[in-house]
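Comments concern the structure below.
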Amino acid sequence: MPPVMTMANKPSKIAFVVGVFPAVSETWMINQITGLLDRGFDIDIYAFTSQGIDKKYISEKYRNYNLLGRTKYIGMPENRFERAIKALPKIGRLLFISPNTLTRIFDVNRYGKDSLSLKLLFWSEPFVGKKYDLIHLHDGSIANKFLIIKDVVGINTKLITSFYGQDVSKRFLDHPGEDIYMRLKKESSIFIAMSDFMKNRIVTKGFDENKIKVLPIFGIDVNDYPFTERTLKPGEIVQMAAVGRFVEKKGFDDILRALAIVKNRTDKKFMCNIIGGGPLEPKLRTMTKELGLDDVVSYKGYMKIEDIINYFLRIHFYLQPSKTASDGDME
Numbered sequence: 001m002p003p004v005m006t007m008a009n010k011p012s013k014i015a016f017v018v019g020v021f022p023a024v025s026e027t028w029m030i031n032q033i034t035g036l037l038d039r040g041f042d043i044d045i046y047a048f049t050s051q052g053i054d055k056k057y058i059s060e061k062y063r064n065y066n067l068l069g070r071t072k073y074i075g076m077p078e079n080r081f082e083r084a085i086k087a088l089p090k091i092g093r094l095l096f097i098s099p100n101t102l103t104r105i106f107d108v109n110r111y112g113k114d115s116l117s118l119k120l121l122f123w124s125e126p127f128v129g130k131k132y133d134l135i136h137l138h139d140g141s142i143a144n145k146f147l148i149i150k151d152v153v154g155i156n157t158k159l160i161t162s163f164y165g166q167d168v169s170k171r172f173l174d175h176p177g178e179d180i181y182m183r184l185k186k187e188s189s190i191f192i193a194m195s196d197f198m199k200n201r202i203v204t205k206g207f208d209e210n211k212i213k214v215l216p217i218f219g220i221d222v223n224d225y226p227f228t229e230r231t232l233k234p235g236e237i238v239q240m241a242a243v244g245r246f247v248e249k250k251g252f253d254d255i256l257r258a259l260a261i262v263k264n265r266t267d268k269k270f271m272c273n274i275i276g277g278g279p280l281e282p283k284l285r286t287m288t289k290e291l292g293l294d295d296v297v298s299y300k301g302y303m304k305i306e307d308i309i310n311y312f313l314r315i316h317f318y319l320q321p322s323k324t325a326s327d328g329d330m331e
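The UniProt record's numbering puts the first residue of the sequence shown at 1, with every later residue one more than the last.
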């Protein structure tokens with residue numbers, strides 16, 4: 001596909017605003033970015049934080065496309081001394097190129113502790129002087145934060161917002177009766193929902209149906225997953241795999257309960273290989289032991305996507321449960 005150019009024959013410039021980047025469980029985000037780069041777009045990434053995980057588990061595209069060089073981290077340092085040291089050159093830059101922005105950043109009457117803590121300085125300063133054709137906001141809560149940045153910096157660029165799950169499920173339950181996206185509904189030109197179910201859910205919250213586009217997780221190339229005919233030789237162990245972040249809505253506990261039932265009902269040998277990690281890992285490992293599954297469940301830890309795809313070539317079944325978590329979080 002030829003590069004996409006603007007009227008001025010320059011690459012269209014897009015900003016991605018995300019919470020965490022890179023995230024080992026969000027290879028599709030890297031694929032979105034690199035896919036746009038391949039098509040001639042110029043991409044900048046603004047992330048509030050990095051995951052703090054060994055980058056060897058991140059897709060090779062992250063390094064091959066030097067995405068670190070395109071990423072600006074805008075989160076405020078927790079350490080006050082580090083925060084003050086890093087704030088000085090930001091303040092100096094704004095005094096020189098945009099003193100009005102600096103005045104808005106320190107408007108304590110309007111922004112309160114976000115001004116006093118220097119949070120707004122760290123959030124806003126990287127956007128000053130930048131021009132984009134489009135800004136893509138990933139996750140509703142991140143979009144709400146960006147609206148503050150938009151006011152402080154004076155950004156008028158067209159916005160699109162992608163919703164992913166918790167931002168349009170648990171957050172509604174956490175704020176009953178509140179219109180948490182009241183302003184976003186007006187200021188984002190397009191909303192992307194991952195399913196018709198998600199679209200219907202946000203329409204009931206007052207979003208304009210005509211502004212919502214249904215697009216399942218984009219950034220996954222099925223050509224990266226070669227088809228191979230599965231066979232099972234006599235006496236061969238049935239190999240299964242499950243991949244994901246160890247949080248309640250992913251349903252790994254349901255996998256373990258189901259495997260316990262299977263183990264009690266069959267003499268056929270099988271092995272379930274669980275790839276990933278997350279906050280529920282200690283609980284899942286304890287549950288594995290309590291259900292007597294240590295001999296049929298193997299925890300593989302994190303893998304980069306290229307290794308996961310190669311691993312898939314050796315399995316017979318892929319397990320992908322999902323459910324609504326007890327706090328209302330869902331896909």
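Quick reminder that beta carbons are idealized off the backbone N, C-alpha and C, glycines included.
Can you give me the Cβ contacts of V262 inside the same chain, cut-off strictly under 8 Å, excluding the 5 residues immediately before and after it?
Hits under 8 Å: F270.
At the level of alpha carbons, what is the spacing between D294 and I135?
So the alpha carbons of these two residues sit roughly 47 Å apart.
I need the straight-line Cα distance from R245 to L291, nearest angstrom please.
Rounded to whole angstroms, R245 to L291 spans 21 Å at the Cα level.
Whole angstroms is fine: what's the gap from K13's alpha carbon to D42's?
K13 and D42: Cα-Cα distance of roughly 5 Å.
In this structure, how does DSSP classify P2 when only helix, strand and coil are distinguished?
With a pLDDT of 40 at P2, under the threshold of 50, the modelled position of this residue cannot be trusted; read the value that follows with caution. It is coil, neither helix nor strand.
Relative to the C-alpha of P226, which residue among K205, L120, C272 and F312 is closest?
Looking at the Cα atoms, F312 is the closest of the given residues.
Taking only runs of the alpha helix (DSSP H) that begin and end inside the stretch 68-148, which ones reach a length of at least 4 residues, in chain order?
Listed in chain order, the complete alpha helix (DSSP H) runs (minimum 4 residues) inside the stretch 68-148 are 80-97, 99-105, 108-111, 113-116 and 119-124.
So A260 is in the alpha helix (DSSP H); what residue range does that whole segment cover?
Taken as a continuous stretch (DSSP letters only), the alpha helix (DSSP H) holding A260 covers F252 to R265.
For T49, report the span of its beta strand (DSSP E) as first-last.
Element bounds for T49: D42 to T49.
Take every Cβ of the stretch 195-211, pair it with every Cβ of the stretch 277-289, and state whether three or more of those distances are shorter than 8 Å.
They do not touch, by the three-pair rule.
Taking 7 Å as the threshold (C-beta atoms), are Y57 and K304 in contact?
The answer is yes: Cβ separation under 7 Å.
Three-state secondary structure (DSSP) at K233?
Coil, per DSSP.
How would you call Q32, buried or exposed, if buried means at least 16 neighbouring beta carbons within 10 angstroms?
Buried: at least 16 other Cβ atoms inside 10 Å.
Using a Cβ-Cβ cutoff of less than 6 Å, which residues in the same chain neighbour T324 once the five nearest sequence positions on both sides are dropped?
M330, listed in sequence order.
Does the separation of the CB atoms of V247 and C272 fall below 7 Å?
Taking 7 Å as the Cβ cut-off, V247 and C272 do not qualify as a contacting pair.
When the Cα atoms are used, what is the spatial distance from A84 to P22?
The alpha-carbon atoms of A84 and P22 are separated by roughly 26 Å.
Along the chain, where does the beta strand (DSSP E) that runs through I309 open and close?
Here I309 belongs to no beta strand (DSSP E); instead the alpha helix (DSSP H) covers I305 to F312.
So, with DSSP's three-state summary, where would you put Q166?
Here Q166 sits in helix by DSSP.
What separation, rounded to the nearest whole angstrom, lies between the Cα atoms of residue 352 and M194?
Look at the range of the chain in this structure, 1 to 331, and you will see that residue 352 is not part of it.
To the nearest angstrom, report how far apart D139 and K233 are at their CA atoms.
Distance between the alpha carbons of D139 and K233 is about 46 Å.
Could you check what DSSP says for Q320 in three-state terms: helix, strand or coil?
Of the three classes helix, strand and coil, the one that applies to Q320 here is coil, per DSSP.
How about S141 and D167: do their beta carbons lie closer than 7 Å?
Yes.
Given a cut-off of 7 Å, decide if W28 and I192 are closer than it, judged by their beta-carbon atoms.
Contact: no.
Would you mind working out which of F146, L118, R110 and I160 sits nearest D133, comparing C-alpha positions?
When only C-alpha atoms are compared, the closest one is I160.
Using C-beta distances below 6 Å, list every residue in its chain close to I220, excluding the 5 sequence neighbours before and after it, in chain order.
The answer, listed in chain order, is W28.
Can you give the Cα-Cα distance for S124 and D114, rounded to whole angstroms?
Approximately 11 Å, taken between the alpha carbons.
Terminal residues of the continuous beta strand (DSSP E) containing F270?
First-last of the beta strand (DSSP E) with F270: F270 to G277.
Mind checking whether I105 and L120 have CB atoms under 7 Å apart?
Result yes, Cβ atoms of I105 and L120 sit closer than 7 Å.
To the nearest angstrom, how far is the alpha carbon of M198 from that of V243?
Distance between the alpha carbons of M198 and V243 is about 23 Å.
The alpha helix (DSSP H) with G35 in it runs from where to where?
It spans T27 to D38 - the alpha helix (DSSP H) in which G35 sits, taken as one unbroken run.
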